[in-house]
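Written out below as structure tokens is the structure these notes cover.
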Amino acid sequence: MNDEDLLQAGYRYALSLRTRADDADDLVQEAWYRLHRHGGRAGSKAHLFTTIRNIYVDRWRRDQLIAFEPLETVDEPADSRSAIDDVRHDARALARLLDSLRAAEREALFLNVVEGYTAQEIGDLTGRPRGTVLSLIHRAKRKLRQGLAAGPVQPSLEAGKRKGSAS
Numbered sequence: 117m118n119d120e121d122l123l124q125a126g127y128r129y130a131l132s133l134r135t136r137a138d139d140a141d142d143l144v145q146e147a148w149y150r151l152h153r154h155g156g157r158a159g160s161k162a163h164l165f166t167t168i169r170n171i172y173v174d175r176w177r178r179d180q181l182i183a184f185e186p187l188e189t190v191d192e193p194a195d196s197r198s199a200i201d202d203v204r205h206d207a208r209a210l211a212r213l214l215d216s217l218r219a220a221e222r223e224a225l226f227l228n229v230v231e232g233y234t235a236q237e238i239g240d241l242t243g244r245p246r247g248t249v250l251s252l253i254h255r256a257k258r259k260l261r262q263g264l265a266a267g268p269v270q271p272s273l274e275a276g277k278r279k280g281s282a283s
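With this note's numbering applied, the sequence shown corresponds to residues 117 to 283, in that order.
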């Protein structure tokens with residue numbers, strides 16, 4: 117796997133942990149820097165994923181001690197949207213639905229559905245038992261099915277701000 121493919125896989129994985137693209141970019145950039153800091157190489161996808169996950173957990177722990185607040189929040193008015201705006205609105209609604217999952221559920225679902233890892237491989241990669249991984253995937257899929265069936269998705273807190281969502 118070349119570096120570009122490895123970075124893309126790392127970005128998709130980071131995006132499964134942090135739903136904001138900027139946060140995912142930061143995770144991948146820091147992981148890439150750490151792996152190459154002393155002239156080394158990133159190695160395998162598992163090595164990059166482990167580094168990204170460790171940085172994510174470190175930041176989650178830091179955020180539990182220090183409260184960061186955004187400088188501004190931008191909300192677009194919902195009136196008079198075109199067809200393109202409707203698609204963007206649906207994408208945001210789906211993003212909020214995915215954001216409503218716990219980080220561990222999002223991570224397990226991503227590794228299983230997008231990356232194609234088995235439950236055992238995910239367990240080995242994340243340090244969780246296979247049964248726990250299967251439960252996380254099942255719960256994530258059930259929540260997504262219920263959310264899609266319920267209609268409009270309500271905004272939720274960032275999964276990293278919830279208690280106990282680091283693992």
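A virtual CB, placed ideally from N, CA and C, is assigned to each residue, including glycine. These numbers come from a predicted model, not from an experiment.
Helix, strand or coil for residue i, going by three-state DSSP, please let me know.
{"i": "A224", "result": "helix"}
{"i": "E237", "result": "helix"}
{"i": "L217", "result": "coil"}
{"i": "E231", "result": "coil"}
{"i": "R136", "result": "coil"}
Can you tell me where the alpha helix (DSSP H) with residue i in it begins and where it stops?
{"i": "R153", "result": "Neither: R153 is in no alpha helix (DSSP H) and is coded neither H nor E."}
{"i": "L246", "result": "As written in the sequence, residue 246 is Arg, which differs from the Leu given in the question. Unbroken alpha helix (DSSP H) run through R246: 246–266."}
{"i": "A130", "result": "119–133"}
{"i": "I171", "result": "161–181"}
Exposed or buried, residue i, counting other C-beta atoms within 10 Å across all chains shown (16 or more means buried)?
{"i": "S160", "result": "exposed"}
{"i": "V229", "result": "exposed"}
{"i": "Q124", "result": "exposed"}
{"i": "A130", "result": "buried"}
Please report the Cβ distance between residue i and residue j, rounded to the nearest whole angstrom; I am assuming they are in contact, meaning their Cβ atoms lie under 8 Å.
{"i": "E223", "j": "T242", "result": "7 Å"}
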